[in-house]
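Student: Okay, here's the structure, questions in a sec.
Chains as they are written, first to last, in the numbering used here: chain A, 1 to 163; chain B, 1 to 163; chain C, 1 to 163.
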């Protein structure tokens, strides 16, 4: 079956709420295993949304690190390899960066590439919640991009809306 | 008149609200006509904000597709051509991608370029609402980027704030 | 001390609130001094969050200009130079753009590069608030990117959550 056939849009629906604001704030930790690594966190976020009891609203997931990014895309092995190649070519690791030069910087991680790749991808996502579930398209996954691991990483999750 | 002369900042204003939370959730559909197409959805969003009756808050518009992006910029024909050229040069369509290779992927759309271009642009926007109106700068438009059309596409719109 | 040692994740905490929604909307102005300039606005936003009295929620900061962007990264002189170099190389200023060509455009600022650089970076950020404070990672700063200054610029700040 082709992607075109599958990616049928959800039928239009309208929900309206007054009052009853709820918010849940939580810090999640994620261990990473490689310098560059793409991790699918969709199911983990979806479970947090379900357990929050919030029916309609937003889930905001924020990286608490400069070299840890978040993005939405299809979590398919071949495409993930293409995404890594794209990041490597868009921001080459082994060239001169001031941030990696001890004459200009006190950072000893030589991770300028990781900072610039995170700049391209972004550090947070705002996701809709509908009927108590994270609402994503058929092929959309929420992907964490470790760009200078391995490390123990932290994400902030703010879930808000009506209960 | 130059852009500099026109782009006068709004005078600082402060609004504070307690209680009275309201939320409206809606799915919008957008048909697209070309493989790559930039569509101005500002007026459509502005009308939804007005009809929601929400006075101060946020409008969050989310693409429900991996190859449909959203961004803010000036909606001027010449600039839109420059943006398309930029996307074509930043992510070349006709080169080797694993996602387009039947030996590695079950996707038959050969749309790796569309996935990577969406990665650059992003899949959602969070827009301020003030005094019952979508608040944008003089030259800012909300632009939908179809990157692998034509298709019938869906956007989720979450409008929340105080009524 | 290395970045790895410092960037310890915050211990997981959970806060849940019902009702008591509060929202504060404000327009901030920022003068810029150069054509391209990166300005650290973290402390200014953190002060606004503190004065709002909102305990848990979100701060959404939005550029009200097409050529003014916002991003999160480390505010270190050497890295800021690398970021500027990256922007200059990713979007070259002195090449042909339709937007800069009087035959195709009524814009006399020749600022197509600024529009495309803003496209790469994005125009808004959504930041978590926890315990009455803007929550950022140890090395994260909120950075304003003037891409076609100098000018007087405006940002919209929407702070919302529970008081």
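From the three backbone atoms N, C-alpha and C, an ideal C-beta is built for every residue, glycine too.
Taking 8 Å as the CB-CB cut-off, is residue 138(C) touching chain B?
Tutor: False, the Cβ-Cβ gap to chain B never drops below 8 Å.
Student: Look up residue 114(A) in the DSSP assignment and say whether it is helix, strand or coil.
Tutor: Three-state result, residue 114(A): helix.
Student: Looking at the secondary structure, which residues open and close the beta strand (DSSP E) in which residue 143(B) lies?
Tutor: Where residue 143(B) is concerned, the enclosing beta strand (DSSP E) stretches over 141 to 146.
Student: Need the endpoints of the beta strand (DSSP E) that residue 23(B) sits in, please.
Tutor: Counting along the chain, the beta strand (DSSP E) containing residue 23(B) begins and ends at 21 to 31.
Student: According to DSSP, is residue 11(A) helix, strand or coil?
Tutor: Because residue 11(A) carries a pLDDT of 43, less than 50, the predicted location of this residue cannot be relied on, and the following value inherits that uncertainty. Note: residue 11(A) maps to coil in three-state DSSP.
Student: Could you please give the first and the last residue of the uninterrupted alpha helix (DSSP H) stretch that includes residue 88(B)?
Tutor: Per DSSP, residue 88(B) belongs to the alpha helix (DSSP H) from 77 to 90.
Student: Here's the rule I'm using: 16 or more other beta-carbon atoms within 10 Å means buried, otherwise exposed. How should residue 128(B) be labelled?
Tutor: So residue 128(B) ends up on the buried side.
Student: Can you find at least 3 beta carbon pairs, one from the segment 92 to 110 of chain B and one from the segment 67 to 81 of chain A, that sit closer than 8 Å?
Tutor: Flag = yes, the segment 92 to 110 of chain B and the segment 67 to 81 of chain A touch.
Student: Are the C-beta of residue 111(A) and some C-beta of chain B separated by less than 8 Å?
Tutor: No, residue 111(A) lies away from the interface with chain B (no Cβ there is under 8 Å from its Cβ).
Student: Give me the residue from 138(A), 151(A), 103(A) and 66(A) with the minimum Cα distance to residue 153(B).
Tutor: When only C-alpha atoms are compared, the closest one is 138(A).
Student: Mind listing which residues of the segment 81 to 104 of chain B have their C-beta closer than 8 Å to chain C's C-betas, in chain order?
Tutor: Against chain C - using a Cβ distance shorter than 8 Å - the residues of the segment 81 to 104 of chain B are 81, 82, 83, 86 and 90.
Student: Which residue's Cα is closest to the Cα of residue 59(B): 150(B), 140(B) and 125(B)?
Tutor: Answer by Cα proximity: 125(B).
Student: I'd like to know if residue 55(A) contacts chain C, where contact means its C-beta is closer than 8 Å to some C-beta of that chain.
Tutor: So, not an interface residue.
Student: Kindly indicate the opening and closing residues of the alpha helix (DSSP H) around residue 63(C).
Tutor: Segment 56 to 63 is the beta strand (DSSP E) holding residue 63(C); no alpha helix (DSSP H) there.
Student: In whole angstroms, give me the CA-to-CA distance for residue 166(A) and residue 31(A).
Tutor: Outside the modelled stretch of chain A, which goes from 1 to 163, sits residue 166(A), for which no answer is possible.
Student: Between residue 134(B) and chain A, is the shortest Cβ-Cβ distance under 8 Å, so that the two count as touching?
Tutor: Not closer than 8 Å to any Cβ of chain A, the Cβ of residue 134(B) fails to qualify, so no.
Student: Suppose the cutoff is 6 Å on Cβ atoms and the five residues either side in sequence are ignored; what does the same chain contact list for residue 35(A) look like?
Tutor: Excluding sequence neighbours, residue 35(A) sits near 149.
Student: Would a C-beta distance cut-off of 8 Å place residue 99(B) and residue 118(B) closer than the cut-off?
Tutor: No, the pair does not count as a contact, with Cβ atoms beyond the cut-off.
Student: What is the rounded straight-line gap between the Cα of residue 37(C) and the Cα of residue 87(B)?
Tutor: Spanning the two alpha carbons is a distance of roughly 25 Å.
Student: Measure the CB-CB distance between residue 163(B) and residue 53(B) and report whether it falls below 8 Å.
Tutor: Yes, these two residues count as a Cβ contact at 8 Å.
Student: Below 7 Å CB to CB, which residues in the same chain sit around residue 80(C) once its five sequence neighbours on both sides are set aside?
Tutor: 38, listed in sequence order.
Student: Does the CB of residue 17(B) have a neighbour CB from chain A at under 8 Å?
Tutor: Residue 17(B) does not count as touching chain A.
Student: Pick helix, strand or coil for residue 131(C), following the three-state DSSP scheme.
Tutor: Coil, per DSSP.
Student: So, under 8 Å CB-CB, residue 64(C) and residue 155(C) are touching, yes? Tell me the CB distance rounded to an integer number of Å.
Tutor: Correct: roughly 7 Å between the Cβ atoms.
Student: Going along chain A in order, which residues have a C-beta closer than 8 Å to the C-beta of residue 31(C)?
Tutor: Simply none; closest approach about 24 Å.
Student: Quick one, which of 95(B), 25(B) and 85(B) has its alpha-carbon nearest residue 92(C)'s?
Tutor: The shortest C-alpha separation from residue 92(C) is found at 85(B).
Student: Closer than 8 Å by beta-carbon distance: list the chain C residues that pair up with residue 128(B), in chain order.
Tutor: Those within 8 Å of residue 128(B) in chain C are 25, 60, 62, 156 and 158.
Student: Mind listing the chain A neighbours of residue 120(B)? Cutoff is C-beta to C-beta under 8 Å, in chain order.
Tutor: Here the neighbours are 120.
Student: So what's residue 66(B) in DSSP terms, helix, strand or just coil?
Tutor: Here residue 66(B) sits in coil by DSSP.
Student: To the nearest angstrom, report how far apart residue 3(B) and residue 151(C) are at their CA atoms.
Tutor: Its pLDDT being 37, under 50, residue 3(B) is placed unreliably in this model, and the value from its coordinates should be taken loosely. Using only the alpha carbons, I get a separation of about 11 Å.
Student: With a cut-off of 8 Å, does the C-beta of residue 40(B) fall near any C-beta of chain C?
Tutor: No, no contact with chain C.
Student: Using the C-alpha atoms, what's the distance from residue 157(C) back to residue 55(C)?
Tutor: Looking at the two C-alpha atoms, the distance is approximately 16 Å.
Student: Per DSSP, what kind of secondary structure is residue 162(B) in: helix, strand or coil?
Tutor: If DSSP states are grouped into helix, strand and coil, residue 162(B) belongs with the strands.
Student: Sort out for me which residues DSSP pairs residue 125(C) with in a bridge.
Tutor: Paired residues: 61(C).
Student: Between residue 145(B) and residue 46(B), is the Cβ-Cβ spacing less than 8 Å?
Tutor: Contact: no.
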